[in-house]
Every structure is written in structure tokens, then in C-alpha cells.
Amino acid sequence: SSGINAECPLRPGMIWINITTTANSPPSTPVADGHDWDYQYISPLNITIALYIMIQNSVIIYDYHKDWRRISCLFFILIGVVDIGSACFEIGRGSISLLCLKDPSMRIHPWIFLVCQKFGVLCYVTSTFCVLVLTVVKTINIMHPFYRQNNRLWKIVLFIFSSILL
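Remember, this note's numbering sits 4 above the position in the sequence shown when you count from 1.
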């Protein structure tokens, strides 16, 4: 019978429309579209890279924490912390993807996934902004080596930006 709606066995919860079945042919099964293959092999790679990022940024934080009152050291520490947060969310997302692929009965609520993605994007945007500010600070130091920068002003800019994001 042509056009029967059935639940897709490869993706539970998704409706698969079988339009290729005729009265004389057996029902066909859907073919995996390769999307699951990507998560199966990319997630372990992302988790490995995220662990490496966490180790590297821990070394950066350890190296710069002694002189945290200097604005450039403060930004290196902040970038390291935010990148560790981003890596943690990537480890969580990759682990959830692998678990859900191995057992189709496991599902994550879309709102939980969305909140995790939002925090990951927030970490990424904050890291990019801090790198931009650090680049401006270092450029000013190179162009005008004896110019004294106002650290309070930079901290106010950072506070205002983070307030707008949240």
C-alpha cells in the first residue's frame, strides 16, 4: 500500500513516508543518510581535541595567574577559562551524541540541548571578544610602548560587553 506513514526505525520519533511500496512488493526500509555516520566518527575526534584544549588552557592559566593584575595577563587567563568552558560543553555534546546514537531509545529534550548549545556559543563569542580586546591592547603596546593604558577602562568595557551578552 503506497503512502503509508510509519515511524522510521533509524530515527525514532521521525515519520517516514513510504511512497515506494506497491501491492506486490515488500515494504522497503529507509536508508541511513550519512548524518549518523558523521556524529559517530566526528564526536570522538571533537572530544579528543576538547581534552587537549582543556590541558593547553590549564597550562596557560597556570603560567599567567601569578601576574593577573596586568591587563594582558588577565585577558589571557579569561580567554583560557572561557575556552575551557567551551571545551567542556563540546565534551558534553559529543558524549550525548554518542550515547543517543548507540541507544535509539535515549533521547534528550530539545530545550536541554538548546541551553547547552547557547552556553557553548556564549563561551565562543566571549573568547572571540577577549581575543579582540587583547589584540587591541597589544597593538597599542607595540605602537606606543611608553603609553600607559587605563586598566580600569578596559575592565569597564569588558563588564559592559558581558552585561549586554547576558
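Positions of the beta carbon are idealized from the N, C-alpha and C atoms, including for glycine.
Only a predicted model underlies this, so the values are computations on that prediction, with no experimental measurement involved.
- Arg111 sits close to Cys104, with the two beta carbons spaced by under 8 Å.
- Tyr66 sits exposed, since fewer than 16 C-beta atoms from the chains shown fall within 10 Å of its C-beta.
- Here Phe79 really is in contact with Val141; their C-beta atoms are around 7 Å apart, less than 8 Å.
- Taking a contact as a CB-CB distance under 8 Å, the pair Ser90 and Ser131 counts as one, their CB atoms being some 7 Å apart.
- Taken through DSSP and simplified to helix, strand or coil, Trp72 comes out as coil.
- Rounded to the nearest angstrom, the gap between the Cα atoms of Tyr56 and Val86 is 15 Å.
- For Ser62, the three-state secondary structure derived from DSSP is helix.
- Check the Cα spacing between Asn61 and each of Ile88, Thr143 and Asn50: the tightest is with Ile88.
- Within a 10 Å sphere around the beta-carbon of Ser167 sit fewer than 16 other beta-carbons, which makes this residue exposed.
- Taken in chain order, the complete alpha helix (DSSP H) segments of 4 or more residues contained in the stretch 85–111 number zero; there are none.
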